[in-house]
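Each step along the sequence shown adds one to the number in our numbering, with nothing skipped, and position 299 is 323. Please read the structure below before turning to the comments.
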Amino acid sequence: MVEIIKVPLADRTYPILIGTDILRSLGEELAAIGFPHKVAVISNPTVSSLYGAQVKSSLEHSGFSVLEYDVPDGEEYKNFQTLQSIYDVLVGNGFDRGSGIIALGGGVIGDMAGFAAATFLRGIRYAQIPTTLLAQVDSSVGGKTAVNHPLGKNLIGAFFQPDLVLIDAGTLNTLDPRDVAAGLAEVVKYGVIRDADFFNWLEDHVADLLDKNPNALIYAVKKACQIKADIVEVDEKEGSVRAFLNYGHTFGHAVESLSGYGQWKHGEAVAIGMIVAARISCRMGLCHQNDVDRLTRLLQTLGLPVSAPVFSLEDYLAVMQRDKKVRNGKLSLVLNCGLGDAVLKQVSDLKEIFSAALSS
Ligand code: NAD
Ligand code: GLY
25 MVEIIKVPLA DRTYPILIGT DILRSLGEEL AAIGFPHKVA VISNPTVSSL YGAQVKSSLE
85 HSGFSVLEYD VPDGEEYKNF QTLQSIYDVL VGNGFDRGSG IIALGGGVIG DMAGFAAATF
145 LRGIRYAQIP TTLLAQVDSS VGGKTAVNHP LGKNLIGAFF QPDLVLIDAG TLNTLDPRDV
205 AAGLAEVVKY GVIRDADFFN WLEDHVADLL DKNPNALIYA VKKACQIKAD IVEVDEKEGS
265 VRAFLNYGHT FGHAVESLSG YGQWKHGEAV AIGMIVAARI SCRMGLCHQN DVDRLTRLLQ
325 TLGLPVSAPV FSLEDYLAVM QRDKKVRNGK LSLVLNCGLG DAVLKQVSDL KEIFSAALSS
């Protein structure tokens, strides 16, 4: 059975198809929406060796002309050099405005292939086929595309919506447990910022999720995609509530960039960042210590880190000053109100706030 969630954006509305064993229908689904017939499937050797043949065969069966291009696997390759290599392949193979891109992989591939689609010839059509839990619950939906800058995560990018997101939960069977946990960090985020009942459900289903129980995983993916679609519908370009999706990310991105991209998984860094955000929320009277303790326990039982790696406060602050939520030199933090709601607060006494949060 295929579940369909729509991301409603007027004439750029697109479907998220969610199911098991639906990769084989990719060609049919793209043909049905009139996707360009000449396509580049951007992936990496890990994912293409698992799913590349199935994707190619499905596409060719529906009449698509397919060029496969693998970039190296890893967050450390989410940069301009790799992006340039994608442009080189597109130009070298005569791709034009009537061609399309298919991102097959996790968030790194989706963000980079999406940015290539957003910028090549000022924008060509693309589809997201996310194969990690993190990409299925977050990065493939909503049109944020980017590459990293050596001084900060995702600093160069564009909002550019895909034409289709096809989520085959069966691909999670081959995912390493550390990547399952990293994806679950973003799932927990949705509970904290938006849905207390979903947070309770997560607390009750830790074992099912870690065991990759298909019903539990599909439920979590659907819930996450629905929450994200609802938010993107009202605030596509992060003028307001979309910022809540960055809960835990200001500090998490600093962890990733100070440690060297690839050292910590994005979801692991977000888990650490969520604890820091929850402690700050508690100190500001927005939630109780019991909420911080529940969040810490849930993340720990999911196998996620909850302690920040040791860097000087000055280093953390310097990176956070380059956060995309800085306006006129002032940073806004996403904080949790209890569990299930969030608020964006502009803060000026960063040093004091983070020093207290990191020492508690
Ligand atoms: P990733 O893309 O590096 O994937 C993790 C690992 O899993 C990689 O080694 C990959 O090759 C492997 N893999 C992928 N699918 C697999 C499968 N089915 N079986 C086995 N191995 C598989 O990391 P990620 O956690 O998916 O994504 C993290 C990235 O997403 C970060 O760069 C982050 O900034 C970005 N992100 C973007 C958004 C957004 O809205 N655009 C949101 C959240 C995160
Ligand atoms: N992952 C944050 C966003 O899509 O806005």
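By construction, the Cβ of each residue, glycine as well, lies at the ideal position given by its N, Cα and C atoms.
Residue i, enclosing beta strand (DSSP E) - first and last residue
i	result
Pro-154	149-154
Asn-314	Not the beta strand (DSSP E): Asn-314 falls in the alpha helix (DSSP H), residues 313-325.
Asn-360	354-360
Distance CB(residue i)-CB(residue j) smaller than 8 Å
i	j	result
Pro-96	Gly-130	no
Pro-333	Val-279	yes
Val-294	Lys-213	yes
Val-158	Ala-206	Inspection of the sequence shows that residue 158 is occupied by Leu rather than by Val. Yes, they are a contact pair.
Leu-233	Leu-269	no
Tyr-285	Lys-102	yes
Gly-176	Arg-346	yes
Leu-50	Leu-91	no
Spatial distance of residue i from residue j (CA atoms)
i	j	result
Phe-275	Pro-174	16 Å
Phe-23	Cys-249	The structure shown does not extend to residue 23, since the chain is modelled only from 25 to 384, so the question has no answer here.
Gly-43	Leu-374	44 Å
Leu-357	Gly-297	11 Å
Asn-239	Ile-40	18 Å
Asn-172	Leu-179	6 Å
Ile-110	Ser-336	37 Å
Pro-186	Asn-197	25 Å
Gln-108	Tyr-150	18 Å
Ala-302	Leu-322	13 Å
Pro-32	Ser-383	43 Å
Leu-128	Met-308	42 Å
Glu-338	Pro-201	34 Å
Leu-74	Asn-224	34 Å
Asp-135	Ser-331	27 Å
Cys-361	Asn-314	12 Å
Gly-124	Ala-381	46 Å
Ala-142	Ala-170	10 Å
Gly-194	Ile-377	43 Å
Gly-272	Ile-304	11 Å
Gly-327	Asp-254	29 Å
Buried versus exposed, by CB contacts within 10 Å (16 or more), residue i
i	result
Gly-58	exposed
Val-71	buried
Pro-60	buried
Val-165	buried
Strand pairing of residue i, partner residues [DSSP]
i	result
Val-171	Ile-180
Leu-188	Ala-151
Gln-370	Ser-356
Ile-66	Tyr-93 and Ala-127
Val-31	Tyr-38
Gly-43	Asp-192
Residue span of the alpha helix (DSSP H) that contains residue i, given as start and end
i	result
Asp-94	Here Asp-94 belongs to no alpha helix (DSSP H); instead the beta strand (DSSP E) covers 89-94.
Val-212	201-218
Arg-303	290-307
Any non-hydrogen atom of ligand 4 within 7 Å of residue i CB
i	result
Thr-155	Ligand 4 is not among the ligands present in this structure, which contains only ligand 1 and ligand 2.
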